[in-house]
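Written out below as structure tokens is the structure these notes cover.
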Amino acid sequence: MRLHGKVALVTGGGSGIGESTSILLGREKAKVAVADIQGESAEVTAEAINKAGGAAIALQTDVTQAADVEQMVKTTVKIYGRLDILINNAGMGATGDVVELSEADWQRVMDVNLKGIFLGCKYAIPEMIKAGGGSIINIASMWAFVGGSVSCVYPASKAGILALSKSTALKYAPFNIRVNCVCPGHVETPLATSLKDPEFRKAVVKKYPLGRLGRPLDVSYAVLFLASEESSFITGTEIIIDGGYTAQ
Amino acid sequence: MLDFNGKVVFITGANCGIGAATVARFLERGARVMGADITYPSVEPGKINFKENPIKIHLDVKNAKKVTGAINLVAEKYGRIDVAVNAAGILRLYPILEQKEEDWDEVMAVNVKGVLFVCQAVMKVMMRQKSGSIVNIGSTSGITGGALAGADYSASKAAVICLTKSFAKAGAPYGIRVNSIAPGGINTPMSEIYYEKFPEAMKRYIAAHPMKRWGEPGEVASAIVFLASEEASYMTGTCMHVNGGSLMI
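One line per chain: the protein sequences are P and W, in this order. Whatever position you read off the first sequence (first residue = 1), add 93 for this note's numbering. Whatever position you read off the second sequence (first residue = 1), add 353 for this note's numbering.
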């Protein structure tokens with residue numbers, strides 16, 4: 094069991110990458126706090142972990158609200174006694190280039206994708222210091238490196254995550270806290286509604302040298318590696334999980 | 354998913370540092386390991402005991418014919434090669450303006466041509482079986498240029514990271530994944546030269562390091578095992594940084 098005795102908190106744990114990651118961490122014997130803005134979906138994930146013999150709780154959390162995030166961390170520590178691993182996974186997209194996108198949509202995506210991670214780190218790090226160290230994994234994106242024609246704000250928010258992660262990694266390395274990002278390409282999740290169109294999907298698959306789209310578990314395994322002691326000398330970096338897309 | 358039971362793994366530079374730690378890690382996970390190293394005694398191919406694990410093969414990676422021969426022998430005896438790790442490499446330190454052509458050629462021959470020859474031979478085997486994973490060892494200096502490392506060494510490691518991407522493109526249609534790892538400072542016999550030659554600079558370097566230490570070979574080996582495993586089945590053409598944060602500063 095690669096995470097025996099560890100306590101993990103996963104935001105956006107009710108669906109997609111967050112759901113599969115929560116379940117995988119639970120299987121490796123971490124105690125998992127599953128947070129999601131949709132409380133019911135968090136409960137479904139937590140129940141799946143508990144039914145499989147793991148330990149999990151569900152927390153209804155809006156990562157854009159400081160009070161919510163503070164409470165999420167407090168409750169996790171109150172129930173499980175410590176916090177070792179934080180997976181900042183909650184995220185959203187919005188289509189539109191700089192001319193088309195509304196200011197409100199820009200703000201909303203930035204708040205969820207970037208400010209949410211700032212808040213998660215802000216409240217989790219003091220608890221990790223108390224625990225003697227920790228590992229933070231932020232879900233960024235391949236789009237932090239390549240331009241996206243579909244959305245302007247999503248790549249910008251994800252590139253922001255990389256810089257935020259590095260600053261945090263540098264500052265808290267002396268406290269034995271590691272901070273890394275994972276950068277997936279297209280992943281088949283409920284968030285990726287555009288992939289439901291078969292023609293669009295076919296065109297997208299063609300762009301990936303490995304000939305398929307990413308699956309939530311592809312990302313979860315990299316998160317598990319970064320959460321575990323196997324990656325003890327890895328901090329301030331990104332793992333790219335994109336089927337070879339950016340190596341072309 | 355990190356289980357390598359029954360898998361055949363070929364590792365160069367197997368007798369030292371990162372290569373040796375990687376051999377140990379794959380053995381723990383049930384793999385059948387073929388270690389190649391220039392320091393292993395030379396044995397006639399007919400006299401190799403293929404029941405041993407790991408098998409130790411004498412190999413100079415600069416020699417394309419010998420590399421192809423060793424890999425074909427492994428493939429013939431076991432029917433397949435699931436994983437190849439290119440960990441063989443040499444390091445010498447000279448001030449850049451005093452870099453000699455023959456030293457440059459030697460470093461490039463081992464660090465770059467060696468990786469090219471192994472990838473070429475292994476990929477032919479992997480293409481037949483339509484699966485496989487190759488992990489090449491680059492270096493942080495392949496991104497930053499050489500300060501502590503030599504100009505030839507860092508340029509050779511940049512070439513390894515790039516060569517990895519070229520092989521990733523060639524292998525993808527066959528389900529073969531090729532990735533590199535760029536380790537930062539790792540405490541290996543190869544890097545002892547830094548402590549011997551520049552003791553004061555090393556003290557300052559470690560003090561400024563985000564983690565205040567260099568890494569251990571096992572910490573690179575665990576990243577190699579991850580990349581080689583099914584858990585990384587959607588990763589190809591990437592470079593994973595194992596440097597304790599040194600690339601941030």
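Idealized CB from N, CA, C, for every residue including glycine.
Exercise for review: Return the Cβ separation of residue 107 of chain P and residue 129 of chain P in integer angstroms, given the expectation that the two are a contact with Cβ distance under 8 Å.
Suggested key: Between the beta-carbon of residue 107 of chain P and that of residue 129 of chain P there is about 3 Å, and that keeps the pair under the 8 Å contact cut.
Point to revise | Given residue 534 of chain W as reference, the closest of P:122, P:326 and P:99 once Cα atoms are compared | key: The option with the nearest alpha carbon to residue 534 of chain W is P:326.
Review point. Is there a Cβ from chain P that is less than 8 Å from the Cβ of residue 553 of chain W?
Key: No - not a single Cβ of chain P is within 8 Å of the one on residue 553 of chain W.
**Study point:** Beta-carbon proximity list for residue 238 of chain P, same chain, < 6 Å, skipping 5 on both sides
**Key:** 339.
Review point. Going by Cα to Cα distance, which pick from W:572, W:558 and W:470 is closest to residue 602 of chain W?
Key: Relative to the Cα of residue 602 of chain W, the nearest Cα in the group W:572, W:558 and W:470 belongs to W:558.
Point to revise | Three-way DSSP call (helix, strand, coil) for residue 385 of chain W in this model | key: If DSSP states are grouped into helix, strand and coil, residue 385 of chain W belongs with the strands.
Check your understanding: Which bits of chain P does residue 559 of chain W rub up against, with CB to CB less than 9 Å?
Key -> Here the premise fails: no neighbours, minimum Cβ distance about 13 Å.
Point to revise | Status (buried if at least 16 other CB within 10 Å, exposed otherwise) for residue 172 of chain P | key: Residue 172 of chain P counts as exposed, since fewer than 16 other beta carbons sit within 10 angstroms of its beta carbon.
Exercise for review: Answer yes or no: does any C-beta atom of chain W fall closer than 8 Å to that of residue 323 of chain P?
Suggested key: It does; some Cβ of chain W falls within 8 Å.
Check your understanding: Taking Cβ-Cβ distances shorter than 9 Å, what residues in chain C pair up with residue 522 of chain W?
Key -> No chain C appears in this structure, whose protein chains are P and W.
Exercise for review: With residue 231 of chain P as the anchor, note down where its beta strand (DSSP E) starts and where it stops.
Suggested key: Annotation for residue 231 of chain P: the continuous beta strand (DSSP E) segment containing it runs 227 to 232.
Check your understanding: How long is the line joining the alpha carbons of residue 405 of chain W and residue 484 of chain W, rounded to whole angstroms?
Key -> When rounded, the separation of the alpha-carbon atoms in residue 405 of chain W and residue 484 of chain W is 25 Å.
Point to revise | Start-to-end residues for the beta strand (DSSP E) that takes in residue 129 of chain P | key: Residues 124 to 129.
Practice item. Enumerate in chain order the residues of its own chain whose CB-to-CB distance from residue 542 of chain W is below 7 Å, with the five nearest sequence positions on each side excluded. Key: For residue 542 of chain W, where only same-chain residues beyond five positions count, the Cβ hits under 7 Å are 369 and 370.
Review point. Any idea if residue 562 of chain W is buried or exposed, counting beta-carbon neighbours within 10 angstroms, 16 or more meaning buried?
Key: Residue 562 of chain W should be labelled buried.
Review point. Is any beta-carbon of chain W found at less than 8 Å from that of residue 311 of chain P?
Key: By this cut-off, residue 311 of chain P is an interface position.
Practice item. Pick out whichever of W:443, W:527 and W:471 has its Cα sitting closest to the Cα of residue 458 of chain W. Key: Distances from the CA of residue 458 of chain W to each of W:443, W:527 and W:471 were compared; the closest alpha carbon is that of W:443.
Check your understanding: Which same chain residues, not among the five before or five after residue 520 of chain W, have their C-beta less than 7 Å away from its C-beta?
Key -> Cβ neighbours of residue 520 of chain W beyond the five flanking positions: 472, 476, 487 and 531.
Check your understanding: In terms of alpha-carbon separation, which member of P:303, P:285 and P:282 lies closest to residue 527 of chain W?
Key -> Of the candidates P:303, P:285 and P:282, the one whose C-alpha sits nearest the C-alpha of residue 527 of chain W is P:303.
Review point. Residue 313 of chain W: which of P:323, P:232, P:305 and P:291 sits nearest, CA to CA?
Key: With chain W covering only 354 through 602, there is no way to say anything about residue 313 of chain W.
Point to revise | Within 8 Å, strictly: CB atoms of residue 308 of chain P and residue 298 of chain P | key: Not in contact: residue 308 of chain P and residue 298 of chain P (Cβ atoms no closer than 8 Å).
Check your understanding: Out of P:150, P:313 and P:217, which has the shortest C-alpha to C-alpha gap to residue 271 of chain P?
Key -> The shortest C-alpha to C-alpha distance from residue 271 of chain P to any of P:150, P:313 and P:217 is the one to P:217.
Practice item. Compute the minimum distance between the beta carbon of residue 324 of chain P and the heavy atoms of the ligand COA, and state whether it is under 7 Å. Key: As far as ligands go, the structure on display features none, and thus does not contain the ligand COA.
Check your understanding: What's the gap between the Cα of residue 198 of chain P and the Cα of residue 131 of chain P?
Key -> If I take the Cα positions, the gap works out to 20 Å.
**Study point:** Cβ of residue 370 of chain W within 8 Å of any chain P Cβ
**Key:** Answer no: the Cβ-Cβ gap between residue 370 of chain W and chain P never drops below 8 Å.
Review point. In or out: residue 375 of chain W buried (at least 16 other Cβ within 10 Å) or exposed?
Key: Here residue 375 of chain W is buried: its Cβ has 16 or more other Cβ atoms, across all protein chains shown, within 10 Å.
Point to revise | alpha helix (DSSP H) segment containing residue 517 of chain W, residue limits | key: Residues 504 to 524.
Check your understanding: Would DSSP call residue 121 of chain P helix, strand or coil?
Key -> In the structure shown, residue 121 of chain P adopts coil according to DSSP, grouped into three states.
Check your understanding: Which one of P:159, P:121, P:113 and P:318 has the shortest CA to CA distance from residue 229 of chain P?
Key -> Closest option to residue 229 of chain P, Cα to Cα, is P:318.
**Study point:** Cβ shell of residue 316 of chain P (< 7 Å), same chain only, five flanking positions each side left out
**Key:** So the qualifying residues of the chain are 114, 180, 230 and 275.
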